[in-house]
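Here the structure is laid out as structure tokens; the discussion comes afterwards.
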DNA sequence: CTGTTAGCGCTTTCAT
DNA sequence: ATGAAAGCGCTAACAG
């Protein structure tokens with residue numbers, strides 16, 4: 208809770224809502240027993256600083272969790288902000304998809320996080336890439352409130368808005384079992400991602416609830432792209448004893464599965480196509496070439512709930528409430 | 208080229224690459240003959256400033272094209288940056304669609320533009336909402352280089368990366384004509400958007416090239432959402448003499464058209480379903496429930512080309528080259 | 001109502 | 001190799 212500052216830590220007095228004042232070069236300088244200028248030099252690469260001193264300052268910087276104030280920095284004449292504004296009319300349009308993003312890249316996430324803090328953001332909403340908790344610890348975030356959206360990270364004591372992954376997967380699999388299916392495949396994304404783990408948990412629970420074992424040969428993990436899940440589906444269909452039903456753990460995976468299934472359907476005239484339950488909806492789910500059930504939820508509500516929780520932290524109205532995890536409901540739609 | 212500053216304009220001397228130094232409150236104060244504080248007060252709402260003086264200052268601000276430096280502003284203690292960092296793993300995933308964006312909103316565009324400039328962005332890549340050129344004029348942008356992507360705005364002398372809308376529409380319609388279609392409908396988005404106009408131009412050209420007239424009853428404009436184009440399609444199909452072919456001017460429109468057509472196909476068993484050519488591709492285009500041809504292009508290349516042009520402006524390597532419009536090729540894919 | 005002073009966090013310049 | 005001073009653009013706080 209308290210910022211991890213050293214003894215006689217600077218600027219940590221009661222500041223209204225309780226968020227500590229930002230740590231500055233001056234603070235670092237005082238703690239390290241040097242001048243602000245030396246700190247600045249260390250921060251800019253350590254040229255012209257005695258190695259021992261440099262290391263000392265670096266240690267203090269790391270301990271205190273300092274983030275350079277990029278706004279102040281960009282005030283200096285001649286300095287480049289490094290910012291480029293990009294405006295597109297509508298993120299919702301998949302058309303803008305390929306224009307430029309780095310996919311599920313943990314290093315980029317850490318870097319971006321640091322940059323955001325340096326630019327004095329007051330709050331963060333993050334769909335985390337992986338399972339590295341360190342970067343999300345309060346002391347690393349300079350007290351900036353964080354809401355994890357859609358996915359959690361174990362060991363991070365922040366607010367989170369999730370969807371009810373476990374129940375969604377559980378209910379979907381239960382329905383397949385009700386329909387008589389016994390060989391049900393699970394196609395999932397990276398195990399490091401909480402949604403993947405939670406959805407698998409729901410999958411397992413539904414089977415175990417009825418005393419059925421999970422066939423590990425029908426559980427595939429680590430599918431990041433549609434192409435991978437299409438290939439995985441093809442492999443499953445080629446088994447001697449192929450699955451009669453498939454659970455696709457997210458919509459990127461579903462796209463690949465549908466590709467494979469529609470080709471099978473075209474060849475077989477629709478015979479022998481596995482039953483498909485897909486987590487998350489997508490355009491044209493209602494026009495899928497094969498029967499399809501979707502475990503859906505309201506993404507707008509996800510955004511809204513995240514914003515609400517963040518705002519409550521920002522305006523202080525949630526100051527004394529411990530970290531809260533909300534799970535949004537899912538519903539199953541049959542197409 | 209030269210910033211539209213008044214007589215004896217401040218800080219406009221040769222500054223290396225030619226981008227003028229930013230206009231500051233001091234500059235405004237000097238030109239207006241008041242103190243910086245008065246300017247600051249005017250900028251913050253004009254409380255405690257004599258009305259006449261306030262108006263005078265406001266006029267100077269408007270003329271010079273001043274943008275408040277939000278970075279300097281956020282340096283003051285107690286000031287809130289107003290920034291919230293949002294990180295998602297992958298914009299390309301349509302799942303994040305609904306999380307939070309304002310769609311095709313011109314006012315938001317202007318506001319965002321101003322905010323970007325205030326935050327000292329060094330360059331801009333914009334997919335413009337409408338046809339208002341003013342906000343994109345160089346003097347309004349404080350000399351910050353701009354690249355328009357995908358759409359242009361008439362009267363804006365900036366770099367632009369477009370796709371070959373005219374040729375794409377022309378070739379698509381020509382193919383439909385080759386197939387023997389004579390009643391071809393055009394479903395388009397807002398007329399204020401250049402892509403809509405350009406694609407209609409290609410549509411017209413293809414018909415006129417063969418001495419055929421455009422039937423205005425088959426031309427629909429202003430379709431912003433899939434629901435609207437679905438309804439428009441239904442209306443067209445209900446005509447006494449319905450179109451035998453449809454040109455859908457973008458992918459949101461295509462979604463609606465496909466919905467209407469797939470329902471028709473389900474009822475009729477596939478008979479009497481119009482031929483469809485759709486501009487822009489989308490997930491599952493290859494699995495459409497009815498025959499479909501797509502006028503496609505590479506969105507990644509659009510992003511890359513935009514970035515390239517902007518960087519050339521930023522590093523000065525394009526300093527003496529006039530504004531350039533690039534048109535990326537399109538290709539037609541039959542599914 | 002208007003102006004002056006001071007200082008936010010940082011780094012460039014100029015001593016030491 | 002280190003530090004002191006100064007100032008980037010802006011605006012509270014305090015004169016006037």
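Chains as they are written, first to last, in the numbering used here: chain A, 208 to 542; chain B, 208 to 542.
We put the beta carbon where it would ideally sit given N, CA and C, even for glycine.
Any chain B beta carbon closer than 8 Å to residue i
i, result
"residue 396 of chain A", "no"
"residue 393 of chain A", "no"
"residue 282 of chain A", "yes"
"residue 382 of chain A", "no"
"residue 462 of chain A", "yes"
"residue 469 of chain A", "yes"
"residue 151 of chain A", "The question about residue 151 of chain A has no answer here: the residues shown for chain A are numbered 208 through 542."
"residue 485 of chain A", "no"
"residue 539 of chain A", "no"
Min CB distance residue i to chain A below 8 Å
i, result
"residue 436 of chain B", "no"
"residue 430 of chain B", "no"
"residue 490 of chain B", "yes"
"residue 531 of chain B", "no"
"residue 338 of chain B", "no"
"residue 494 of chain B", "yes"
"residue 525 of chain B", "no"
"residue 279 of chain B", "yes"
Nonlocal neighbours in the same chain, by C-beta distance under 7 Å from residue i, ignoring five residues either side
i, result
"residue 351 of chain A", "324, 328, 329, 330 and 331"
"residue 273 of chain B", "230 and 235"
"residue 374 of chain A", "409 and 537"
"residue 334 of chain A", "356, 357 and 358"
"residue 269 of chain B", "none"
"residue 265 of chain B", "249"
Per-residue burial, residue i [other beta carbons within 10 Å of its own, 16 or more giving buried]
i, result
"residue 536 of chain A", "exposed"
"residue 361 of chain B", "exposed"
"residue 414 of chain A", "buried"
"residue 377 of chain A", "buried"
"residue 507 of chain B", "exposed"
"residue 244 of chain A", "exposed"
"residue 475 of chain A", "exposed"
"residue 314 of chain B", "exposed"
"residue 446 of chain B", "exposed"
"residue 510 of chain B", "buried"
"residue 251 of chain A", "exposed"
"residue 316 of chain A", "buried"
"residue 277 of chain A", "buried"
"residue 492 of chain B", "buried"
"residue 372 of chain B", "buried"
"residue 406 of chain A", "buried"
"residue 473 of chain B", "exposed"
"residue 403 of chain B", "buried"
"residue 520 of chain A", "buried"
"residue 224 of chain A", "Model confidence at residue 224 of chain A stands at a pLDDT of 33, short of 50, so the residue's coordinates are unreliable and nothing is read from them."
Close Cβ partners of residue i (< 6 Å) along its chain, the five nearest in sequence each way excluded
i, result
"residue 540 of chain A", "501 and 503"
"residue 364 of chain A", "530"
"residue 484 of chain B", "379, 454 and 500"
"residue 481 of chain B", "450, 451, 452 and 453"
"residue 393 of chain B", "410, 426 and 454"
"residue 337 of chain A", "313 and 399"
Sequence-distant residues of the same chain with beta carbon closer than 8 Å to residue i, five excluded per side
i, result
"residue 516 of chain A", "354, 366, 368, 525, 531 and 533"
"residue 254 of chain B", "248"
"residue 477 of chain A", "497"
"residue 242 of chain B", "236"
"residue 458 of chain B", "485, 486, 487, 488 and 489"
"residue 384 of chain A", "391, 413, 414, 417 and 419"
Given 8 Å, three or more beta-carbon pairs between the stretch 394-404 of chain A and the stretch 426-433 of chain A
yes
Would the stretch 431-441 of chain A and the stretch 462-477 of chain A be scored as touching if the rule is three or more Cβ pairs under 8 Å?
yes
Contact set between the stretch 318-330 of chain A and chain B, restricted to residues whose Cβ is under 9 Å from the partner:
Answer in chain order: 319, 320, 322, 323, 324, 326, 327, 328, 329 and 330.
Please list, in chain order, the residues of the stretch 253-269 of chain A that have any C-beta partner in chain B closer than 7 Å.
Residues passing the 7 Å Cβ filter: none.
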